[in-house]
Ligand code: KL2
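Numbering (full-length UniProt numbering), first residue to last: 1 to 418.
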């Protein structure tokens, strides 16, 4: 029998802790708690390992006892885990279509979830699902993103993303919506050019979905399996909002392997103009309408939309995006410096799964002595701790008796302050 390893809840100390202590949980009428000044919700990101992929890549699971690899053994465990953690939002990857229809969706619906699903294009029959509790959110929009583009030779891979706009159910206040995105980026460690372009396409969709009337974005939670490790150029681009990719080899973008293959240098620009996405990762039509408004330049606006932008945007080796995203996890255990892992099988034990969220932005006025204020994000309240590779090998790696995927579920609790 393989044992279980305990994963602890870590509560995050916020700078506004005193305030939240005073507002506290003890003396508030539970009925009004959410409606008064905050909306708390939890999010799980979980790559549940599609049975077809498990069988296609069986060499990765030679360390496992045969019985733990059957879907009939794995699914009840996965469901038990989902039920136990009871997250308000689930972002699942590698959801196989037949299992989704017959078992996954019906089971999650009976747990009170509304489920949305986007299957990969092409031959592999799995995809991403976003499921949310009826009791917590209503659905404003569903926005699937296909990264395959028949007209663009670079984009010949069948990965996808899914972006939902959700409205928190709060009786006595009107509040901002929340944008939830889920994706599973290309695995191929050598093709960082494709991975970065897929990410840019997802960010462009998120921008258009999360865009509010006043020009700002509603809070965003972006989950998934990014097939890229912490500190890699792709990861740093998400967190920092900018990337200078000059001279960067395509095999170095994701940091999955130190290999010498895939050493072609990223071309400039990485993706062709007919993708319709700018170097700031927004759809170019959006930008054109801005040009039109600010300059009132009718002749420019009347040109083809893409043409305008190609001339408006300098070609350079800089990518940007307009979100301020933090990672729920810090990727290393603070006391030991040992890396956390989110996936573990016979070939690797690394972090590739993430929950990113809009963090509160600090805005300091220019004048000295001016007050610092916080705008527009989510507050991270807590997370379920991850494990080290060593922890996982004490229970025979993944999947095992109790953990039925080759990934661990990631789990975070957030607060939206109203
Ligand atoms: O890294 V992953 O596993 O999220 O755990 O994402 C991909 C890989 C997933 C979808 O393509 O299938 C796995 N070697 C190892 N793993 C592979 C390979 C491969 N050649 N191809 C696909 N996957």
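The beta carbon of each residue, even a glycine, is placed where N, CA and C say it ideally should be.
| Check | Outcome |
| --- | --- |
| Boundaries (first-last residue) of the alpha helix (DSSP H) holding residue 197 | 192–210 |
| Residue range of the unbroken alpha helix (DSSP H) whose run includes residue 84 | 71–85 |
| Local conformation of residue 285 per DSSP, three classes | helix |
| Secondary structure of residue 271, DSSP reduced to three states | coil |
| Nearest to residue 190 (by Cα), restricted to the options 360, 317, 322, 253 | 253 |
| Under 7 Å between C-beta atoms of residue 138 and residue 167 | yes |
| Where the beta strand (DSSP E) containing residue 132 begins and where it ends | 126–133 |
| Spatial distance of residue 376 from residue 415 (CA atoms) | 12 Å |
| In DSSP terms, what residue 47 is bridged to | 93 |
| CB-CB length for residue 223 against residue 182, believed under 8 Å | 5 Å |
| Where residue 331 falls: helix, strand or coil (DSSP) | coil |
| Contacting residues, own chain, Cβ-Cβ under 6 Å from residue 225 (five flanking each side not counted) | 47, 93, 184, 352, 353 |
| Residue 11 classed as buried or exposed, judged by whether at least 16 other C-beta atoms fall within 10 angstroms | exposed |
| Residue 399 burial status per 10 Å Cβ neighbour count (16 or more: buried) | buried |
| Where residue 258 falls, given that 16 or more other Cβ within 10 Å makes a residue buried | exposed |
| Test item: CB-CB of residue 112 and residue 133 under 7 Å | yes |
| Local conformation of residue 395 per DSSP, three classes | coil |
| Backbone CA spacing between residue 117 and residue 162 [nearest angstrom] | 8 Å |
| Beta-carbon proximity check, residue 52 vs residue 95, cutoff 7 Å | no |
| Expected contact under 8 Å - CB spacing of residue 379 and residue 318 to nearest Å | No, residue 379 and residue 318 are not in contact; Cβ-Cβ is about 31 Å, not under 8 Å. |
| For residue 114, the three-state DSSP class (helix, strand or coil) | strand |
| In DSSP terms, what residue 143 is bridged to | 163 |
| Nearest candidate by alpha-carbon position, reference residue 239, set 322, 201, 249 | 322 |
| Separation of residue 82 from residue 410, as counted between CA atoms | 11 Å |
| Heavy atom of the ligand KL2 within 6 Å of residue 342 beta-carbon | no |
| Integer Cβ distance of residue 333 from residue 394, believed to fall under 8 Å | Actually they do not touch by this definition, with Cβ atoms about 16 Å apart. |
| Residue 335 burial status per 10 Å Cβ neighbour count (16 or more: buried) | exposed |
| One or two residues paired with residue 220 in a DSSP bridge | 179 |
| Secondary structure of residue 407, DSSP reduced to three states | strand |
| C-beta contact flag for residue 210 and residue 179 at 7 Å | yes |
| Candidates 355, 344, 80: closest to residue 221 by CA position | 355 |
| Backbone CA spacing between residue 63 and residue 215 [nearest angstrom] | 52 Å |
| Limits of the unbroken alpha helix (DSSP H) element including residue 238 | 233–240 |
| Paired residues, beta bridge with residue 263 - DSSP | None, per the DSSP bridge assignment. |
| Residues near residue 281 in its chain [Cβ-Cβ closer than 6 Å; skip 5 each side] | 200, 203, 204, 321 |
| Residue 187 beta carbon near the ligand KL2 (any heavy atom closer than 6 Å) | yes |
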